[in-house]
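Just so we're aligned, residue 13 is where the sequence shown starts under this note's numbering, counting upward by one. Please read the structure below before turning to the comments.
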Amino acid sequence: MKKTRIPQTQFSRNLLKKTLAGLPGPILGVDEVGRGCLAGPVVAGAVIFSDQKIPKGLTDSKLLSENRREEFFPQIMEAHYCGLGVASVEEIDRINILQASFLAMRRAIADLETKMVGARVGYVLVDGHMEIPGCTHPQGAVIKGDLRVPMIAAASIIAKVYRDRMMKGMDATYPHYGFGQHKGYASPVHRDAIRKHGPCFEHRQSFSGVKEFLGLGSVVRRPCGTKIPPGQLSLMEEA
């Protein structure tokens, strides 16, 4: 199968549009959020626009306010084929953050495919410069894809909203860390809380900024077989 070259420069929007039009459809966009966090899972979203009606204003989730992302979330989830995938903190520590990100992406694609009746993914576009190992579909990587490809932008939005909601839920269990505020990222407030209280079970114990403080408090390294919370199993099974 001939490999399609995806234009990579930010000045090639017309060429990118032409290239996308020549790809076998439907085209799926996939992106992940949470790679740089000190706590919480990495989450991936996958989106296919089923009717070509792209919501206006779609862009990289990082450039949108939390309220705007929440507004987009139901529009994307209800009107299009969508999937979500999660790689847990335990998996991040076991296989490293890059491989866990790929794992979450494969799970997001698999989750989307369960909702496609009588159809098959034609092509996968992934944000960044690396393709997804183990993906069974033709694929291409697009640098700054969350800014340039609507499907990838939509995937980044649903992944971001879903993960933020997870982190807000963790905030109730671990109120000392401010997860609802910084969502697990390495903010000064978060780093200070780790230094003061030590890591909790939702911290990535292989990460710098966490592993140095594993001896504080009563938190010890978790066993690899930690139970997955109810309701997340379908998002955490390998494709």
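Ideal Cβ placement from N, Cα and C applies to all residues, glycine included.
Using a 10 angstroms sphere on the CB of L96, the tally of other CB atoms reaches 16 or more, which defines it as buried. Along the length of the stretch 94-176, whole alpha helix (DSSP H) runs at least 4 residues long occupy 101-107, 109-125 and 157-160, reported in chain order. Under DSSP, the beta-bridge partners assigned to L40 are V136. According to the DSSP assignment, V201 belongs to the alpha helix (DSSP H) that extends over P200 to H209.
The three-state secondary structure of I66, taken from DSSP, is coil. For the pair G52 and L70, the Cα-to-Cα distance works out to about 26 Å.
In its chain, beyond the 5 residues on either side, A51, G52, V101, M182 and Y186 have a beta carbon closer than 7 Å to the beta carbon of E214. Taking C-beta atoms as the reference points, Y93 and I60 count as a pair closer than 8 Å.
Bridge partners of I60 according to DSSP: Y93. When rounded, the separation of the alpha-carbon atoms in C147 and D158 is 19 Å. The C-beta of K172 has 16 or more other C-beta atoms within 10 Å across all chains shown, which makes the residue buried. Q111 and E44 have their C-alpha atoms roughly 12 Å apart. Just measuring C-alpha positions, the residue of I144, S62, G227 and I66 sitting nearest I121 is I144. Here Y197 has C49 as same chain residues with Cβ atoms under 6 Å from its own Cβ, once five neighbours each way along the sequence are excluded.
Counting only the Cα atoms, S73 lies some 15 Å from V54.
In its chain, beyond the 5 residues on either side, R216, Q217 and S218 have a beta carbon closer than 7 Å to the beta carbon of D105. Looking from the CA of L32, the closest CA among V98, Q151 and I169 belongs to Q151. About 7 Å separates the beta carbons of I206 and G221, which is inside the 8 Å limit, making them a contact pair.
Comparing C-alpha distances from G34 to each of G190, H202, V154 and G134 shows the shortest one belongs to G134.
Within the DSSP bridge table, the entry for V55 names V45 and V98 as partners. A116 and E125 have their C-alpha atoms roughly 14 Å apart.
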